[in-house]
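Heads up: the protein sequence lines correspond to chains C and V, in order.
Going left to right, the first sequence walks through residues 87 to 198 as the working numbering numbers them.
Going left to right, the second sequence walks through residues 14 to 270 as the working numbering numbers them.
Presented below is the structure to which this report refers.
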Amino acid sequence: MHELSICHAISGIAARHAAGRPVARVCVDIGGLRQVVPPALVSCWEIAVQDTPLQGAVLDVNHIPAAIDCRTCGHHTVLEHPVFRCERCRGTDTTVAGGDELIITSLVLQEA
Amino acid sequence: MGRFHHHADGTVHVHDHDHDDHDHEHEHRDVGDHSGYETGALRVDVLEAILGENDHTAAANRRDLSERGIRAVNVMSSPGAGKTALLQAVLTRLDGAPRIGIVEGDIETPLDAERLAGLGAPVALVNTANGFGGECHLDASMVRSVLHDLPLDDLDVVVIENVGNLVCPAEFDVGEDARALVYSVTEGEDKPLKYPVMFRAADVVVVNKVDLLPHLDVDMAAFRANLEAVHPGAHVIEASAKTGIGVDAFCDWLVGR
């Protein structure tokens with residue numbers, strides 16, 4: 087259960103970029119290879135920003151599916167299960183091509 | 014560490030954020046299709062790693078250690094897999110050469126640190142219950158808070174014994190050079206599929222308590238196949254802290270031989 091720690095990190099970064107301006111929405115990309123559960127993240131967000139200037143801001147979670155690129159045949163495989171094998175050639179020499187994200191992409195400020 | 018970032022139009026960027034790298038902020042009125050966003054709202058591009066501050070502190074830990082030629086190893090496992098017993102066996106076997114220091118992460122008690130005391134290695138204890146929301150893992154600042162309690166100038170290796178947990182510790186870089194995962198055969202053959210991130214993060218998987226295999230129904234071939242699925246080519250050491258099997262091989266890996 088590290089979602090609360092992650093929410094504190096998100097709120098710290100969001101507050102710095104907001105620079106005192108009211109925030110409507112905080113947009114994050116969370117990859118499928120990060121062990122972050124989006125509903126848990128949203129629940130923790132409400133706790134983390136309670137009684138802070140970010141209270142009421144929506145946490146907008148964009149889930150990025152896990153994917154690999156095959157170094158042998160170049161095929162791009164989106165992973166539904168944690169089996170790191172090319173779906174075309176069955177090779178296991180692959181690089182992660184998605185799912186590693188844990189970033190704040192943007193803020194949407196409230197209209198004045 | 015760089016993070017891939019994918020846009021809906023298929024473009025991909027890698028962002029590598031230093032702590033001081035906050036000067037690329039852009040602001041613009043939303044145009045085009047930002048479904049769900051407020052029309053005309055002011056959007057501020059951020060593109061910052063959520064764990065950037067942790068990564069920055071981890072880099073400071075790594076620098077302090079590498080400057081002194083110290084190898085740092087993060088040892089992770091589920092509770093009760095035998096991390097501490099294995100470390101006791103390692104310290105007994107190495108007997109002070111090379112010189113090892115230990116950062117001991119524990120939720121509430123000094124029990125593990127007490128088990129390691131008296132084996133010739135200095136131990137610095139972090140009780141993670143002090144951190145708000147930080148009970149389940151060590152992060153870089155927790156390690157930093159005690160790192161210099163160790164006599165770093167007199168050490169060759171620092172072992173960071175993480176909190177017993179197969180989920181959270183994999184998310185937090187603490188400044189280590191390598192990661193060991195201690196898995197015990199009593200945990201069953203399916204764990205790599207249930208905790209793929211942890212099993213992928215491991216530079217070595219120590220399969221502990223192999224002395225118990227005759228008494229268990231666990232299918233080690235299936236475990237190996239599951240591990241191979243999530244982490245092709247994973248380095249495995251079969252060991253028993255109790256009988257001493259594999260302890261030499263783990264010692265060699267731990268000290269970087």
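All C-beta atoms in this analysis are idealised placements derived from N, C-alpha and C, irrespective of residue type, glycine included.
Beta-carbon separation (whole angstroms), residue i vs residue j, contact threshold 8 Å
i, j, result
"L195 of chain C", "V114 of chain C", "Contact doesn't hold; Cβ gap of about 16 Å is too wide."
"V147 of chain C", "L119 of chain C", "No, V147 of chain C and L119 of chain C are not in contact; Cβ-Cβ is about 15 Å, not under 8 Å."
"I83 of chain V", "V187 of chain V", "Wrong, their Cβ atoms sit about 14 Å apart, outside the cutoff."
"A183 of chain V", "Q121 of chain C", "7 Å"
"E61 of chain V", "I92 of chain C", "Rounded, the Cβ-Cβ distance is 13 Å, inconsistent with contact."
"I113 of chain V", "L107 of chain V", "7 Å"
"S192 of chain C", "D190 of chain V", "At roughly 35 Å, the Cβ-Cβ gap does not stay under 8 Å, so S192 of chain C and D190 of chain V are not in contact."
Three-state secondary structure assigned by DSSP to residue i
i, result
"N175 of chain V", "coil"
"E127 of chain V", "helix"
"H161 of chain C", "coil"
"D46 of chain V", "Confidence is the limiting factor: at D46 of chain V the pLDDT is only 45, short of 50, which leaves the residue's position unreliable and the question unanswerable from this model."
"V194 of chain C", "strand"
"C175 of chain C", "coil"
"T180 of chain C", "strand"
"H228 of chain V", "helix"
"E166 of chain C", "coil"
"R270 of chain V", "coil"
"D265 of chain V", "helix"
"H103 of chain C", "helix"
"C156 of chain C", "strand"
"E117 of chain V", "strand"
"R56 of chain V", "strand"
"L168 of chain V", "coil"
"A193 of chain V", "strand"
"I116 of chain C", "strand"
"L151 of chain V", "coil"
"L140 of chain C", "coil"
"F145 of chain V", "With a pLDDT of only 46 at F145 of chain V, under the threshold of 50, the placement of this residue in the model should not be trusted; the figure read from the coordinates follows. Residue state, collapsed to three classes: coil."
"D77 of chain V", "helix"
"R111 of chain C", "strand"
"S90 of chain V", "strand"
"H149 of chain C", "strand"
"L132 of chain V", "coil"
Cutoff 8 Å: residue i Cβ touching any chain B Cβ
i, result
"P209 of chain V", "Absent here is chain B; the protein component of the structure consists of chains C and V."
Within 8 Å, strictly: CB atoms of residue i and residue j
i, j, result
"N175 of chain V", "N87 of chain V", "yes"
"A193 of chain V", "V231 of chain V", "no"
"T199 of chain V", "L225 of chain V", "yes"
"N67 of chain V", "L160 of chain V", "no"
"V219 of chain V", "I250 of chain V", "yes"
"V144 of chain C", "R111 of chain C", "yes"
"P245 of chain V", "F170 of chain C", "yes"
"W90 of chain V", "V260 of chain V", "Per the sequence shown, the amino acid found at residue 90 of chain V is Ser instead of Trp. Their beta carbons are not under 8 Å apart, which means S90 of chain V does not touch V260 of chain V by this criterion."
"M155 of chain V", "V139 of chain V", "yes"
"N221 of chain V", "A72 of chain V", "no"
"L165 of chain V", "R81 of chain V", "yes"
"F236 of chain V", "A252 of chain V", "no"
Beta-carbon proximity list for residue i, same chain, < 8 Å, skipping 5 on both sides
i, result
"V243 of chain V", "P205, L206, P209, F212 and R213"
"G153 of chain C", "The sequence given here has Ala at residue 153 of chain C, not Gly. Only H162, T163, V164, L165, V182, A183, G184 and G185 meet the Cβ criterion."
"L90 of chain C", "C130, I133 and A134"
"R174 of chain C", "C156, C159, H161 and T163"
"N239 of chain V", "E202, D203, K204, P205 and L206"
"I96 of chain C", "V112, V114, W131, A134, L145 and I190"
"E241 of chain V", "A247"
"K255 of chain V", "A98, K222 and D224"
Proximity test, residue i beta-carbon vs the ligand ATP heavy atom, cut-off 7 Å
i, result
"N239 of chain V", "In the structure shown, the ligand ATP is absent, as is every other ligand, since no ligand is present at all."
Nonlocal neighbours in the same chain, by C-beta distance under 7 Å from residue i, ignoring five residues either side
i, result
"D155 of chain C", "H162, T180, T181 and A183"
"P111 of chain V", "D169, V170 and V268"
"L78 of chain V", "A85, V171 and G188"
"R128 of chain V", "T97 and Q101"
"H88 of chain C", "none"
Same chain, Cβ closer than 6 Å to residue i, neighbours up to 5 away in sequence not counted
i, result
"E187 of chain C", "D115, G117 and I150"
"D125 of chain V", "T97, E117 and D119"
"D36 of chain V", "Note that D36 of chain V has pLDDT 43, beneath the 50 cutoff, so the model's placement of it is unreliable and the number below is only indicative. Excluding positions up to five away in sequence, the list is empty."
"D152 of chain V", "N67 and F185"
"T122 of chain V", "none"
"T70 of chain V", "A153, S154 and R157"
"A8 of chain V", "Since the displayed chain V opens at 14 and closes at 270, residue 8 of chain V lies outside it and no answer follows."
Open item on the list: Would the region 123-141 of chain V count as touching the region 100-110 of chain V if we require 3 or more Cβ pairs under 8 Å?
Closed with: yes
Task: Validate contact between the region 93-109 of chain C and the region 129-146 of chain C using beta carbons, cut 8 Å, 3 pairs - done: yes
Task: Cβ contact check for the region 51-69 of chain V and the region 163-182 of chain C: 3 or more pairs under 8 Å - done: no
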